[in-house]
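**Student:** This is the structure, below, for whatever I ask next.
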Amino acid sequence: MLSLNRLLIVLLLWRQIIAKNIKDPLNNKEQQLYSSSNAGLLKLLELEERFMENVKIYTNKLAEKVENLQAFINSIDYKVNQTFEDREKYVSNPLNAFSLVRRTHEDLPKWHNYTQQKVGMVELYALEEIAVQAPDEEDMNYYLQEMHRLEKIYGLEATDLARGRLQDKKYDIKMSARDCFALGEHKYQQEDYQRAALWFRMALKQEPEKNSNKINEILGDINDKLRSQYATSMIIFGLTISNTKLTIAKSKQLASEALAKSSLDDLNSFIAELLTQSDEDVVREMNTNATAPSDYELGCRGLLPKRKNLYCRYDFSTTLFLRIAPMKQEIISLDPYIVMHHKVLYNDEIAELKLHAKDKITATKDNRLRLKSLRKRIVNRITDIIGLGFHINHELHMPDYDRISYYNPNRNYAYWGGPKATLLFFASDVVQGGATVFTKSKVSVFPQKGNSLFWYNLLDDGTPDIRSVQAECPVIKGKKWVFTKWIKEINSQCTQRTKS
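All letters in the sequence shown, in the order written, are residues -19 to -1, 1 to 481 by mature numbering (1 follows the signal peptide of the UniProt record, and there is no 0).
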């Protein structure tokens, strides 16, 4: 009979062969990217936790490697408890999420390679199973792009993000030098030298890793490349600002020539001088000629001018039912008409709708009885909100927005034959971000759980109203659930409330 160790070795070799010929369901291109949703990031968090747990066991069997592998373990600190809410809260923060994606994409496979020795074979087999599920380049690039979009839309600076600050909120998070370097290098490759320089600057200012010499042997030393690209970015940025006629290509050539003629001492002195400036002064100087934010970006930041002569009131008149149970209205805009109704969905209703979201809340054989009463209540409430002359069916569309994913900024339902109006139900509060912006009308509305937002897509004569073009802003932190109801006008007869 084969000994246990020999059997495990055979299984491990077969696992390596099979892994090349099958697609792991968690790493299947047809599946959603880890980076694209909280659900995916939770899987990734579990993946990294499983990897770490096996490493912990493995280090107990490899005394000579304990010091190095313990440094890896200590470098991962989630600062979360074991409850699902805490874990979801952790991955809903884009800084944690990016660090998670980068670590599991760049670091995890290298740690895996380091552990490949014929000791602790049970743990090695488990690590092999986990490593093949690590994020690929597409996952990494997806989140790099999302981080870039987050910075641009909300006007966030690397100097704040690296220290855990998102807008006006400070989190107990500090990005590592490798996190900052990865973001800087992505922008460097995109020729965004201003943002690249700021991320490289923060990478240089972060505290070095514990046992950095040993860590660098495993993960690679980024220092030389970091310092070179930081200097290059600053030179290119300075050249393009001082001479607007200078092309990026020419600036890159001049920067390369300047650094080629410089000694290592010259480079170190140049970087040391740059780092003596305060972050605030550097950011201010580098943003001197920054492009003004668009109306969409201003709306996402909550910086659009507030409209005057607006008001709140209780609606007693839209339907007979409202005479005994008036509904609170908040007029967002009079022209075009945009109105928010407060507390039109209750928590238990929202929970029920989320439960059946995959069925799009249509009357199927499986959910007909369970949803019948809820559908009628919602239809009645929609009638109370919009009044007369509209055709209402029972279907609701429910997308959800994880973190910083969002609709196309030019989302438009104002087209010939399109829906007369749109009614948007907010099914969650969002910690930061997630506004709905009417870019043509310069109006932005932030989600409030249980409230609804109503506006017209078409004018009275049926022509599209371009003022209704709207866009969803990225969710910085949290999760956004919405239910959308598109409404078509078919007659002017009274719409009666249905019996529950």
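For glycine and all other residues, C-beta sits at the position ideal for the given N, C-alpha and C.
Excluding five sequence neighbours on each side, which residues of the same chain lie with their C-beta closer than 8 Å to the C-beta of L108?
**Tutor:** Cβ neighbours of L108 within its own chain (closer than 8 Å, five residues either side excluded): F32, N35, V36, Y39, H93, T96.
**Student:** Does the stretch 157 to 164 come into contact with the stretch 16 to 26, if we say contact requires no fewer than three beta-carbon pairs (one atom in each stretch) closer than 8 Å?
**Tutor:** no
**Student:** Might you give, ordered along the chain, the residues of its own chain that have their beta carbon closer than 7 Å to the beta carbon of Y388, omitting 5 neighbours on each side?
**Tutor:** Reliability fails at Y388, whose pLDDT of 42 lies under 50, so the model's placement of it is uncertain and no value is given.
**Student:** Is there contact here, the stretch 169 to 187 with the stretch 129 to 139, by at least three beta-carbon pairs under 8 Å?
**Tutor:** yes
**Student:** Whole angstroms is fine: what's the gap from L131's alpha carbon to G283's?
**Tutor:** 15 Å
**Student:** Looking at C-alpha atoms only, which residue of L434, R448, Y437, W436 is the closest neighbour of K423?
**Tutor:** R448
**Student:** Pull the bridge partners of W436 from the DSSP assignment, please.
**Tutor:** I319, T403
**Student:** For the beta strand (DSSP E) that contains S73, what are its first and last residues?
**Tutor:** Premise fails: S73 lies in the alpha helix (DSSP H), 65 to 73, not in any beta strand (DSSP E).
**Student:** How big is the Cα-Cα spacing for A52 and V103?
**Tutor:** 22 Å
**Student:** Mind checking K168: buried by the 16 CB within 10 Å criterion, or exposed?
**Tutor:** buried
**Student:** For E333 and L355, which I take to be in contact (beta-carbon distance under 8 Å), what is that distance rounded to the nearest angstrom?
**Tutor:** 6 Å
**Student:** Does S259 pass the burial test, meaning 16 or more other C-beta atoms within 10 Å, or should it be called exposed?
**Tutor:** Exposed is the call here.
**Student:** Identify whether V264 lies in helix, strand or coil by the three-state DSSP scheme.
**Tutor:** helix
**Student:** Straight-line CA distance for L105 to D329?
**Tutor:** 46 Å
**Student:** List the DSSP bridge partners of W467.
**Tutor:** T403
**Student:** Span of the alpha helix (DSSP H) holding residue 486?
**Tutor:** Lying before the first or after the last residue shown, residue 486 is absent from the chain, which here runs from -19 to 481.
**Student:** Return yes when the Cβ of P428 is within less than 7 Å of the Cβ of F406, no when it is not.
**Tutor:** no
**Student:** Start and end of the beta strand (DSSP E) containing T221?
**Tutor:** Taken as a continuous stretch (DSSP letters only), T221 belongs to no beta strand (DSSP E), being part of the alpha helix (DSSP H) at 204 to 223.
**Student:** Less than 7 Å between the C-beta atoms of D88 and L14, yes or no?
**Tutor:** no
**Student:** What are the partner residues of S158, as DSSP defines its beta bridges?
**Tutor:** The sequence shown places Ala at residue 158, not Ser. In the DSSP output, where bridge partners are listed per residue, A158 has none listed.
**Student:** Within 10 angstroms of its Cβ, does Y125 collect 16 or more other Cβ (buried), or is it exposed?
**Tutor:** According to the sequence shown, residue 125 is Leu rather than Tyr. Buried, since its Cβ has 16 or more Cβ neighbours within 10 Å.
**Student:** Which residues does DSSP list as the beta-bridge partners of S314?
**Tutor:** I319
**Student:** Quick check: the Cα distance between S157 and L245, rounded to an integer number of angstroms?
**Tutor:** 25 Å
**Student:** Tell me the residue span of the alpha helix (DSSP H) that contains S232.
**Tutor:** 229 to 242
**Student:** How long is the line joining the alpha carbons of P445 and Q171, rounded to whole angstroms?
**Tutor:** 38 Å
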